[in-house]
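Asks: Numbering (the working numbering), first residue to last: 758 to 899. Even for Gly, the Cβ is constructed at its ideal location relative to N, Cα and C. Structure provided below as structure tokens; questions to follow.
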């Protein structure tokens, strides 16, 4: 008589490979959504910071004009003495002459749209033009 011995494995505990893979896919999806939202919030914060800095530079250029009787030829004139005896600056810090993306603000004198001067940032894409998050940030629009 053959007697087979049956080994009683009892109830298995733990998770199956399929269950673990499903949880990993769900977690990866959630992490992707969160990372995307964090990236968009950083871009929005940089846009707001650029707008604030442009507003400060506009005020600095107005103060420069009040003291010297003309608007700066370059943004650098706001941070460094240009040799004019009426210069009472610095009107801006050197680090304020760069946008949040590390690029120098664009400055023109005379400015755009009948402005005395204009200050712009190419924004997130660091190139002229763009829409939504890549739109240029211009002093005449702030």
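Which residues in the same chain have their Cβ closer than 6 Å to the Cβ of residue 851, if we skip the five residues on either side of it in sequence?
Replies: 836
Asks: Hey, how far is the Cα of residue 812 from the Cα of residue 775?
Replies: 56 Å
Asks: Alpha carbon to alpha carbon, what distance is there between residue 779 and residue 854?
Replies: Rounded to whole angstroms, the separation of the alpha carbons of residue 779 and residue 854 is 50 Å.
Asks: Quick one: measure Cβ to Cβ for residue 862 and residue 877, integer angstroms, because I've assumed they're closer than 8 Å.
Replies: The pair is a contact, with the Cβ atoms about 7 Å apart (cut-off 8 Å).
Asks: With 16 other CB atoms within 10 Å as the buried threshold, where does residue 817 fall?
Replies: With 16 or more other Cβ atoms within 10 Å, it is buried.
Asks: On the DSSP bridge list, what partners appear for residue 863?
Replies: 877
Asks: Between the alpha carbons of residue 809 and residue 801, how many angstroms are there, rounded?
Replies: 12 Å
Asks: Quick check on residue 855: does DSSP put it in helix, strand or coil?
Replies: In the structure shown, residue 855 sits in a strand (DSSP, three-state: E or B).
Asks: Check for me: the alpha helix (DSSP H) holding residue 890 runs from which residue to which?
Replies: Here residue 890 belongs to no alpha helix (DSSP H), and DSSP marks it neither H nor E.
Asks: Thinking C-beta only, is residue 879 closer than 8 Å to residue 848?
Replies: Contact flag unset, no.
Asks: Alpha carbon to alpha carbon, how far is residue 794 from residue 833? Give it in angstroms, no decimals.
Replies: When rounded, the distance between both Cα atoms is 36 Å.
Asks: Please classify residue 881 as buried or exposed, where buried requires at least 16 other C-beta atoms within 10 Å of its C-beta.
Replies: buried
Asks: Among 864, 886 and 883, which residue has its Cα nearest to the Cα of residue 896?
Replies: Closest option to residue 896, Cα to Cα, is 864.
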